[in-house]
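In my numbering, the protein residues as written are 121 to 319.
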């Protein structure tokens with residue numbers, strides 16, 4: 121059984137929803153799945169000034185925070201993180217940067233990884249964010265599993281070959297329908313992890 125960690129950061133809920141769809145797909149594919157969030161770094165004043173942000177933090181306070189142990193435990197990891205100025209949100213970046221101990225002892229090698237993201241417009245850095253995260257994964261010695269164009273359903277979700285990405289409208293809702301794309305990406309990640317494990 122593949123052990124899948126879905127590690128996310130979400131301020132208002134979009135990337136949390138992507139993570140939950142990945143969790144569903146992982147369980148459907150027979151994996152053991154855990155969903156964990158990286159720690160919030162933003163000051164309380166910033167969170168309090170955005171009702172959607174505050175509401176999401178309150179709604180997900182029971183979700184466990186990600187630790188190095190989650191990475192060590194996992195055979196496969198799916199990251200879900202919003203873009204910030206065309207790059208990985210600082211909350212996720214700090215979490216990745218804190219994994220030097222695992223990296224130094226070879227415990228990130230051959231982890232099978234894939235990534236998803238969101239932005240407020242279709243060209244708001246979605247691809248750049250995923251590629252930036254994958255750069256860290258190359259340093260880890262991880263095995264990157266992008267969706268590519270492995271299923272025609274991916275085109276309906278925008279056709280991002282690097283990882284599922286979605287546009288969040290001004291109302292806070294997703295513009296594209298990406299649920300099927302997320303689930304395909306998660307199942308593909310698990311399939312490759314099974315092959316890496318020799319199953």
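Where a beta carbon is used, it is the ideal one built from N, C-alpha and C, also for glycine.
- In the three-state reduction of the DSSP assignment, residue 207 falls in the strand class, which pools E and B.
- With contacts defined as CB atoms closer than 8 Å, residue 273 and residue 301 qualify as a contacting pair.
- The residue among 151, 174, 279 and 153 with its C-alpha nearest the C-alpha of residue 162 is 174.
- One alpha carbon belongs to residue 164, the other to residue 130, and they sit about 15 Å apart.
- Counting along the chain, residue 228 sits inside no alpha helix (DSSP H), nor does DSSP assign it H or E at all.
- Residue 202 carries a strand assignment under DSSP once its states are collapsed to helix, strand and coil.
- Exposed is the label assigned to residue 255, since fewer than 16 other Cβ atoms lie within 10 Å of its Cβ.
- In this structure, the straight-line span from the alpha carbon of residue 279 to that of residue 178 is close to 33 Å.
- A direct Cα-Cα distance of roughly 10 Å separates residue 196 from residue 316.
- Across the structure, residue 158 and residue 267 are spaced so that their CA atoms are roughly 24 Å apart.
- Per DSSP, residue 124 is one residue of the beta strand (DSSP E) stretching across 123-128.
- Spanning the alpha carbons of residue 311 and residue 205 requires a straight line of approximately 33 Å.
- With contacts defined as CB atoms closer than 8 Å, residue 203 and residue 137 fail to qualify as a contacting pair.
- Around the beta carbon of residue 257, 16 or more other beta carbons lie within 10 angstroms, which makes this residue buried.
- In the DSSP assignment, residue 307 falls within the alpha helix (DSSP H) that extends over 299-317.
- Secondary structure note for residue 152: its beta strand (DSSP E) is the uninterrupted segment 152-157.
- The beta-bridge partner set that DSSP reports for residue 235 consists of 199.
- In this structure, 201 is the residue among 240, 201 and 125 with its C-alpha nearest to the C-alpha of residue 213.
- Boundaries of the beta strand (DSSP E) around residue 287: 285-287.
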